[in-house]
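Q: Submitted below is the structure of interest, expressed as structure tokens.
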Amino acid sequence: MAEHTFEMRLDRLFAESPAFADADLFAAALEARLNRGWTTRRLLIGGLGLVGGIIGAAQVLSSGLTERLAAALRAAHPIVSNQVASIALAHFLPEGFPVNGEIFWMSAAMAVAAVGLAIVRFVREI
Amino acid sequence: MVEPARTRAAAHDLELVALAATGAREAFGELVRRHGSAVRALVRRMGADPSLADDIAQDAFLAAFQQITDFRGEGAFQAWVKRIAARLYLKRARRLARLELNASASGADHEEGYDGPSLGDRMDLDAALRELSSPERLCVSLTYGAGFSHAEAAAALNAPIGTVKSHVKRGLDRLRRRLAPDLPNSSESAAHG
Chain D
307 MAEHTFEMRL DRLFAESPAF ADADLFAAAL EARLNRGWTT RRLLIGGLGL
357 VGGIIGAAQV LSSGLTERLA AALRAAHPIV SNQVASIALA HFLPEGFPVN
407 GEIFWMSAAM AVAAVGLAIV RFVREI
Chain P
74 MVEPARTRAA AHDLELVALA ATGAREAFGE LVRRHGSAVR ALVRRMGADP
124 SLADDIAQDA FLAAFQQITD FRGEGAFQAW VKRIAARLYL KRARRLARLE
174 LNASASGADH EEGYDGPSLG DRMDLDAALR ELSSPERLCV SLTYGAGFSH
224 AEAAAALNAP IGTVKSHVKR GLDRLRRRLA PDLPNSSESA AHG
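For the protein sequence lines, the chains are D and P, in the order given. Residue numbers for the first sequence follow this note's numbering, beginning at 307 and rising by one. Residue numbers for the second sequence follow this note's numbering, beginning at 74 and rising by one.
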């Protein structure tokens, strides 16, 4: 009984923590670290996005895809999407590759989503 | 969204946790203001010097912020962060080779120039803890301060549960003599098993 009474008293003593005089300073320092981490994360995400965008834009420009797309649109084919798909197939896939346009674009979309998820996961990890 | 400071101050811990989970760092800052001292005190009570204790407490809060979605609200937020801090301290102490459970239990590791308790310290837990050996202090703080069971403490310390229990028991006996001399001594610790 006395044992239990003392343990309860000890629990209470441990729960009654002293108020440190520099408690506000401690909290402010921690908030500064949190903000610093947040800024770093935003810079990293922005930097990665910028690099990805530059690489993507360079690829598109160097491939001449825009010219082909414009030519295809000018040809005023009734089904533009088929033109785009055929351009994509002609440009990105080897000849005779057994994939049609829809599958190609769906795969591309899924790949983009997977990369996005990987980036989100990576950012969460750091 | 930045909620006004007055609203934050009145909010319940769980509301602040929910806000922090959305990335509201101001809400988490309020939690730090509320519970920072308790976490710092625990790490000091475990045996860390003030500067190390503050480092550990900061790291514990940062880890808590990163894992805030893991906090389900079954227990108190403060208890959750204390457990994180206790584990971080053990990890750091192990790395600094300060973790030694086989130290003599008979002699306390007094700081230089420590002259024993004054009358004003009689009910002072911190002063009483300084009377204990490092292993006793660590085991008592883990079980009563951080809420570890004996088994959890043994696992965290990588030590046999019997060793932890005996350190807790010896520590309790000495604390009781110091803090509650009016209570009769008994032989076995019942709680936190």
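All C-beta atoms in this analysis are idealised placements derived from N, C-alpha and C, irrespective of residue type, glycine included.
In whole angstroms, what is the alpha-carbon distance linking P/A94 and P/A229?
A: Roughly 28 Å between the two C-alpha positions.
Q: Looking at the structure shown, is P/T95 part of a helix, part of a strand, or coil, going by DSSP?
A: Looking at P/T95 - three-state DSSP - the assignment turns out to be coil, as it is neither helix nor strand.
Q: Quick one, which of P/L205, P/Y162, P/A91 has its alpha-carbon nearest P/P123's?
A: Out of P/L205, P/Y162, P/A91, P/Y162 has the C-alpha closest to the C-alpha of P/P123.
Q: For chain P, find out if any of its Cβ atoms is closer than 8 Å to the Cβ of D/R339; answer yes or no.
A: True, the Cβ-Cβ gap to chain P drops below 8 Å.
Q: Could you compute how far the alpha carbon of D/G422 sits from the alpha carbon of P/L92?
A: Their backbone Cα atoms lie some 25 Å apart in a straight line.
Q: Suppose only complete runs of 4+ residues qualify. What are the alpha helix (DSSP H) ranges in the region 110-146 of chain P, listed by chain order?
A: Whole alpha helix (DSSP H) segments, 4+ residues: 123-139.
Q: Could you name the residues of the region 309-324 of chain D whose beta carbon sits closer than 7 Å to any beta carbon of chain P, in the order they occur along the chain?
A: Of all residues in the region 309-324 of chain D, E309, H310, T311, F312, E313, R315, L316, D317, L319, F320, S323, P324 have a Cβ within less than 7 Å of some Cβ in chain P.
Q: Taking the alpha helix (DSSP H) that P/G148 belongs to, which residues open and close that run?
A: Premise fails: P/G148 is in no alpha helix (DSSP H) and is neither H nor E.
Q: Distance check for P/A121 and P/L192, CA to CA, integer angstroms please.
A: Reliability of the predicted coordinates at P/L192 is poor, the pLDDT of 40 falling under 50, and the value obtained from them is presented with this limitation in mind. One C-alpha to the other measures close to 25 Å.
Q: For P/H85, is the classification buried or exposed, using 16 other Cβ atoms within 10 angstroms of its Cβ as the cut-off for buried?
A: That one is exposed.
Q: Applying the 10 Å Cβ sphere with the 16-neighbour rule, what's the burial state of P/E209?
A: Buried is the call here.
Q: May I ask whether a heavy atom of the ligand ADP can be found less than 7 Å away from the beta carbon of P/E103?
A: Only the bare structure without any ligand can be found here, which leaves the ligand ADP out of the picture.
Q: According to DSSP, is D/L379 helix, strand or coil?
A: Helix, per DSSP.
Q: Could you tell me which chain P residues have their CB closer than 7 Å to the CB of D/L423, listed as they occur along the chain?
A: By Cβ distance, chain P contributes nothing, its closest Cβ being about 17 Å from D/L423, past 7 Å.
Q: For D/L371 and D/G343, what's the separation of their Cα atoms in angstroms?
A: So the alpha carbons of these two residues sit roughly 40 Å apart.
Q: Thinking C-alpha only, which one of P/G218, P/L87, P/R249 is nearest P/R145?
A: Nearest C-alpha to P/R145: P/L87.
Q: Counting only the same chain and skipping the five closest in sequence on each side, list residues whose C-beta sits under 6 Å from that of P/K238.
A: If we look at P/K238 and ignore the five residues flanking it on each side, its Cβ neighbours are H223.
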